[in-house]
Amino acid sequence: MQQSILKNMACASCPIKHRAVCSRCDADELALLESIKTYKSFSANDQILWRGEELHYVASVVEGVATLGKSLEDGRTQMVGLLLPSDFIGHPGRTHIEFDVVAASDVTLCCFEREPFRKLINDVPHLAQRMVEIALDELDAARDWMVLLGRKTAGEKIATFIEMVTRRQHLDRADGQQTDLVLPLLRSEIANYLGLTLETVSRQLTILKSESVLEFVDKRHFRILDMARLHDATGDDADGGILA
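Okay, here's the thing in structure tokens:
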């Protein structure tokens, strides 16, 4: 695995500053974080962290997509989560990572030394508040994941995945303008993530395309044509929030 330390950018110019772990910090608090941060880059398919590895740093994803996974004794692997820009890797209070973290695309991380970061949480109220919010978001995501894997049909799983990608890329628009979106995973990786076969993933995407819910520009880029129908296809109650 190759990794390179990138030249630090100022927090004020960070593309995820409005939703990252430091999003509530004031100028003085950001200066404290600046003193312990570095940037690391990983190429697609690089192993960022191994499950059980000692955790020397925690990090926010600045660019790219990484996967969280666990391997079973018989060699099977299960992808249990995606890390998209602004998502946080690691828990400051734990000394080892609990999942394999792999770069699904080229990834840039904003890294903080774990122990100094842990101490900062006690001294920086805005940082502590954001960490609590992140933990609650992870809990909500885990509960949603239980529903998706345990109760949803193949079509509902694919629609839910597409809706999640759209939300997280912050590209859904109320004015109806079509904007290209990017599938963060290959179709084989989506199949692993959702517990489906590759053929099922391709078939369900074709159904959404044939029903004019979405269209593909190429294998990885697509547009949402009907956001309301996409939400209906997820099987979620409308009270859960239809994208505007």
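Here the UniProt record's numbering is used: position 1 in the sequence shown is 1, and no number is missing along the way.
Every residue gets a Cβ at the ideal spot worked out from N, C-alpha and C, and that includes glycine.
(request) Let me know the secondary structure DSSP gives D226 once reduced to three states. (result) Locating residue 226 in the sequence shown gives position 226, counting from the first residue. In this structure, DSSP gives D226 a state outside helix and strand, which the three-state scheme calls coil.
(request) Could you name the residues of the same chain whose beta carbon sits closer than 7 Å to that of L148, not counting the 5 residues immediately before and after it, in chain order? (result) If you number the sequence shown from 1, residue 148 lands on position 148. Hits under 7 Å: K157, T160.
(request) Give a yes or no on whether the C-beta atoms belonging to L181 and V165 are separated by under 8 Å. (result) As a working note, residue 181 is residue 181 in the sequence shown. As a working note, residue 165 is residue 165 in the sequence shown. Closer than 8 Å, so yes.
(request) Identify whether C111 lies in helix, strand or coil by the three-state DSSP scheme. (result) In the sequence shown, counting from the first residue as 1, residue 111 sits at position 111. It is a strand residue.
(message) What does the alpha-carbon distance come out to for the pair L230 and F88?
(response) Your numbering for residue 230 matches position 230 in the sequence shown. Your numbering for residue 88 matches position 88 in the sequence shown. Looking at the backbone, the Cα of L230 and that of F88 are separated by about 28 Å.
(message) I'd like the span of the beta strand (DSSP E) that includes E34, first residue to last.
(response) Here residue 34 corresponds to residue number 34 of the sequence shown, with the count starting at 1. For E34, no beta strand (DSSP E) run applies; the uninterrupted alpha helix (DSSP H) run containing it begins and ends at 27-34, by DSSP.
(request) Report yes or no: is there a C-beta of chain C within less than 8 Å of the C-beta of W145? (result) This model lacks chain C altogether, as it is built from one protein chain only.
(message) Bridge partners for A66 per DSSP, in chain order?
(response) Against the sequence shown, residue 66 aligns to sequence position 66. In DSSP, A66 forms a bridge with L83, A103.
(message) Taking its Cβ as the centre, do 16 or more other Cβ atoms sit within 10 Å of G93, making it buried, or is it exposed?
(response) Start at 1 with the first residue of the sequence shown, and residue 93 comes out as number 93. So G93 counts as exposed.
(request) Assuming R187 contacts L84 (C-beta within less than 8 Å), just tell me the rounded distance between them. (result) Taking the first residue of the sequence shown as position 1, residue 187 is located at position 187. Taking the first residue of the sequence shown as position 1, residue 84 is located at position 84. Contact between R187 and L84 does not hold, since the beta-carbon distance rounds to 18 Å and is not under 8 Å.
(message) Taking only three categories from DSSP, how would you classify H221?
(response) Translated into the one-based positions of the sequence shown, residue 221 becomes position 221. It is a strand residue.
(request) Return the Cβ separation of V21 and A66 in integer angstroms, given the expectation that the two are a contact with Cβ distance under 8 Å. (result) Walking along the sequence shown from the start, residue 21 turns up at place 21. Walking along the sequence shown from the start, residue 66 turns up at place 66. Actually they are not in contact, since the Cβ atoms of V21 and A66 sit about 16 Å apart, beyond 8 Å.
(request) Determine, using beta carbons only, whether C11 and L33 come nearer to each other than 8 Å. (result) In the sequence shown, residue 11 corresponds to position 11, counting from 1. In the sequence shown, residue 33 corresponds to position 33, counting from 1. Yes, they are a contact pair.
(message) By the three-class DSSP mapping on this structure, what secondary structure does K17 have?
(response) If you number the sequence shown from 1, residue 17 lands on position 17. K17 sits in coil when the DSSP states are folded into three classes, being neither helix nor strand.
(message) If contact is defined by three or more beta carbon pairs under 8 Å, each pair taking one atom from either stretch, is the region 115-134 in contact with the region 42-53?
(response) By the C-beta criterion, the region 42-53 is judged not to be in contact with the region 115-134, since fewer than 3 inter-stretch pairs fall below 8 Å.
(request) In angstroms with no decimal places, state the Cα-to-Cα distance between Q47 and L127. (result) The residue labelled residue 47 in the question sits at position 47 within the sequence shown. The residue labelled residue 127 in the question sits at position 127 within the sequence shown. A straight line joining the alpha-carbon of Q47 with that of L127 spans about 28 Å.
(message) Judging by CA-CA distance, which residue of D26, M79, G69 is the nearest neighbour of Y193?
(response) Locating residue 193 in the sequence shown gives position 193, counting from the first residue. With respect to the C-alpha of Y193, the residue from D26, M79, G69 having the closest C-alpha is M79.
(request) Quickly, what does DSSP pair A59 with across the bridge? List them, please. (result) Numbered from its first residue, the sequence shown carries residue 59 at position 59. According to DSSP, which records beta bridges pairwise, A59 is partnered with I89, C111.
(message) Can you tell me where the alpha helix (DSSP H) holding L194 begins and where it ends?
(response) Residue 194 sits at position 194 when you count from the first residue of the sequence shown. For L194, the uninterrupted alpha helix (DSSP H) run begins and ends at 187-194, by DSSP.
(message) Between T197, G69, G155, which has its C-alpha nearest G81's C-alpha?
(response) Taking the sequence shown and counting its residues from 1, one reaches residue 81 at position 81. Distances from the alpha-carbon of G81 to those of T197, G69, G155 put G69 closest.
(message) Taking 8 Å as the threshold (C-beta atoms), are G90 and A141 in contact?
(response) Mapped onto the sequence shown, residue 141 falls at position 141. Mapped onto the sequence shown, residue 90 falls at position 90. For the 8 Å CB-CB criterion, A141 and G90 do not form a contact.
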